[in-house]
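Just so we're aligned, residue 1 is where the sequence shown starts under UniProt numbering, counting upward by one. Glycine included, C-beta positions come from ideal geometry on N, C-alpha and C. Here is the structure we will look at.
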Amino acid sequence: MPLSSLPDECFDDILSFLDNKSLYKCLFVNRFYCKLSIPIIWKEPFRPIYAKPKFPLVINTLLICLNEDEISSLIPYKIDFPRNKPPLFEYGKYVRKIDQDFVKQNIITWLNPSEGYDVDKHQDYRVQKLMDVIYHMIMRQGSNIQKFNLNVSQSDSYIDLPKVSTFITFHPGITDLRSLNMEIDLGHNNNIGCQNTIDFLNIIPTFCRNIINCDLWIFKLNNIFVKPFLDIIQLQPLERMLICIVNIEENAKKIINALEFRSETLRELLFECLDFRDIDLSFLSNLKCLERLKFIYCKGFVSQHCESLSLSNNKFQLKELKLWHSGLDDLYDRFDGSDIKLNVIDTMIKFLGGESLRKLSLNIVTLETIRTVKEHCPNVNFLHIKIFSGQYLDLIIPLICELQYLKVLNIQIGSYRVSVSLLVKTLSDYLVTVQHLFFDFFIDLSSFEYFTSNCKANIEKFIIPNNKSLREGYLICLDNYQKVHNSLKVLGIEDEFDLNNEESEIIEIIDSLKEQNVRIIPSSQLLKLFY
């Protein structure tokens, strides 16, 4: 069957797996491939500009799509732009993701190609005008924006959005917006210069109808933003929400408490860098659909939180839980020098975990917390831990290995007082079920050799420790391991590894592993599996 007889949807699915470099090559195959590649390439045309960037051709291309009215609006500003033949496509209509910061960076760089991106160039009056006409053209051509990133700051370099009429005049525009990412660093009475952005946020709750993903990063919160944030949470069918609030105040508490309105839709909730000391967590038990809950570098968990969770009539049915406490990087082998209440963390695992839990990330690893995991979270198959205390390590590791469904294990070490030798050797003696393993710490060669020689588990995916001087020794150990187990399928090696520049001994070991059906890939391609 000729390729062209396949439905376009099949080609879209195939081409979606290609990177931009490969997609650009498709443009020159024939018009058919060009027509299918262009919408994918232009989904996200605005990318970050780095030092000495290439000339931002994306702005050139968008400017040749302007109509007569848009061109006329630029004449008073003496902006020179290409007047080429008409474009082959209406590129604006394919745009699906907009990052306001990246749009600004691309425009400034286009205006000053010899200098690259210079934040001081924001004062150029032409930046705002180009921003206005580019947004207008994208909306006019019928773009269906799915994701919008907005960074509002009190910095002089902030460039306001176009007038709100640009977003509501044309269809579909932002009507079907699915994801909204907002970063706010604007204190009280500092809203001069962002009135259009404020108007934009005020229409979002009612004009948009299907926002399911929202990231809210608040460093300084101006009162003017509180109502639109509350309305977005209350009126949009959010399924995923991330909240990062640096300074907790009454308005911030209102935003967190508003999550109760999402009891029927919210499936994933992430808190980052929050102090929960004066925050009531009882609303969590009312989130009936919640499957993934993450506390990332949070603190302030107290006994009142456990009491509110214990009084709930609704039992949590989480599939994933992350309890990553802040302030641990300065600790050694004791937790009692911090504000961490170990009994509170232990109780939170008990109430938030359960038989439904499959994925757990924890950086408070004690004998008590691991016992609680084993007793109350028996079906965990993914475990990511960061160990700060060396106490009872010989008891903790066997308990972890007794989790009968454990398949993925990622271990980090946060203190030099944790004995790597004891940790690795104990794992080798007790580990049985794990198939995917990542040691995210330095391992001496003798400990690694002991592990690979005595490990009972049939490991399928493994990331080799990142140490160039010991790489050959690590590879020899893994080669010997594979000859015994014949289980290893994928081996991740640091991205900088280049087989062409390695010594013959390492090339020989790599060839031996490949002959045993081990696929060698950059470790970055495996990392997602462990987080």
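Pair within 8 Å by beta-carbon distance, residue i and residue j
i                 : j                 : result
arginine 96       : glutamate 44      : yes
cysteine 214      : isoleucine 232    : yes
phenylalanine 283 : leucine 323       : no
asparagine 410    : phenylalanine 438 : yes
valine 344        : leucine 360       : no
glutamate 502     : serine 523        : no
leucine 309       : leucine 281       : yes
lysine 374        : leucine 406       : no
residue 543       : glutamine 525     : This structure does not reach residue 543, given that the chain is present from 1 up to 531, and the question cannot be answered.
threonine 366     : leucine 342       : yes
isoleucine 159    : glutamine 195     : no
leucine 259       : proline 228       : no
leucine 445       : leucine 423       : no
isoleucine 520    : isoleucine 507    : no
threonine 109     : proline 56        : yes
glycine 354       : lysine 315        : yes
leucine 111       : aspartate 99      : no
Backbone CA spacing between residue i and residue j [nearest angstrom]
i              : j                 : result
glycine 173    : glycine 142       : 7 Å
methionine 241 : leucine 266       : 8 Å
isoleucine 38  : leucine 27        : 8 Å
serine 512     : leucine 491       : 13 Å
aspartate 333  : leucine 393       : Only weak support is given to the placement of aspartate 333: the predicted model assigns it a pLDDT of 46, under 50, and the value that follows is read from those uncertain coordinates. So the alpha carbons of these two residues sit roughly 11 Å apart.
arginine 277   : glutamine 304     : 9 Å
valine 434     : asparagine 257    : 40 Å
aspartate 13   : cysteine 306      : 47 Å
threonine 369  : lysine 350        : 9 Å
tyrosine 91    : histidine 136     : 13 Å
serine 419     : asparagine 480    : 25 Å
alanine 252    : threonine 426     : 46 Å
cysteine 377   : methionine 348    : 12 Å
glutamine 234  : phenylalanine 102 : 29 Å
asparagine 30  : threonine 61      : 20 Å
residue 534    : serine 421        : Not covered by the structure: residue 534. The range shown for the chain is 1 to 531.
isoleucine 464 : leucine 527       : 12 Å
valine 155     : isoleucine 397    : The sequence given here has serine at residue 155, not valine. Spanning the two alpha carbons is a distance of roughly 49 Å.
histidine 384  : cysteine 455      : 19 Å
Where residue i falls, given that 16 or more other Cβ within 10 Å makes a residue buried
i                 : result
aspartate 330     : Because aspartate 330 carries a pLDDT of 49, less than 50, the predicted location of this residue cannot be relied on, and the following value inherits that uncertainty. Its Cβ having fewer than 16 others within 10 Å, aspartate 330 is exposed.
cysteine 289      : exposed
lysine 78         : exposed
threonine 206     : exposed
methionine 1      : Residue placement at methionine 1 is poorly supported in this model, since its pLDDT is 43, which falls under 50; the coordinates are not used for a value here.
lysine 104        : buried
serine 165        : exposed
glutamine 236     : buried
phenylalanine 301 : buried
aspartate 132     : buried
histidine 171     : exposed
aspartate 346     : buried
residue 555       : Residue 555 lies beyond the stretch modelled for the chain, which goes from 1 to 531, so this question has no answer here.
proline 113       : exposed
serine 72         : exposed
Own chain residues within Cβ distance below 6 Å of residue i, not counting five before or after
i                 : result
asparagine 181    : Asn149 and Asp215
isoleucine 413    : Ile387 and Phe441
phenylalanine 89  : Ile38
glutamate 239     : Ile212, Thr265 and Arg267
tyrosine 33       : Cys26
phenylalanine 293 : According to the sequence as given, residue 293 is leucine; it is not phenylalanine. Cβ within range, chain order: Leu269, Leu318 and Leu321.
leucine 287       : Ser263 and Leu266
isoleucine 218    : Ile184 and Ile245
isoleucine 248    : Asp275
Within-8 Å CB hit, residue i to chain D
i           : result
aspartate 8 : Here there is only one protein chain, and chain D is not present.
Per DSSP, cross-strand counterpart(s) of residue i
i              : result
glutamine 412  : Lys386 and Asp440
leucine 321    : Leu293 and Leu360
tryptophan 217 : Glu183 and Cys244
valine 152     : Ile184
asparagine 486 : Its beta-bridge partners do not exist; DSSP assigns none.
glycine 492    : Ile463 and Ile521
Same chain only: Cβ atoms within 8 Å of residue i, ignoring 5 sequence neighbours per side
i                 : result
leucine 177       : Ile145, Gln146, Lys147, Phe148, Ile204, Cys208, Asn210 and Ile211
phenylalanine 462 : His436, Leu437, Phe438, Leu478, Leu488, Val490, Leu491 and Gly492
glutamate 291     : Arg267, Glu268, Gln317, Leu318, Lys319 and Glu320
proline 86        : Ile64
tyrosine 450      : Val424, Lys425 and Ser428
leucine 475       : Ile464, Ile506, Ile509, Ile510 and Leu513
Other residues of its chain near residue i: CB distance less than 7 Å, five sequence neighbours each side excluded
i             : result
isoleucine 40 : Leu15, Ser16 and Leu23
histidine 485 : Asn458
leucine 36    : Asp8, Phe11, Asp12 and Leu15
tyrosine 297  : Glu272, Cys273, Trp324 and Ser326
arginine 47   : Phe102
Heavy atom of the ligand SAH within 7 Å of residue i beta-carbon
i          : result
serine 165 : The model on display carries no ligand, and the ligand SAH is accordingly not part of it.
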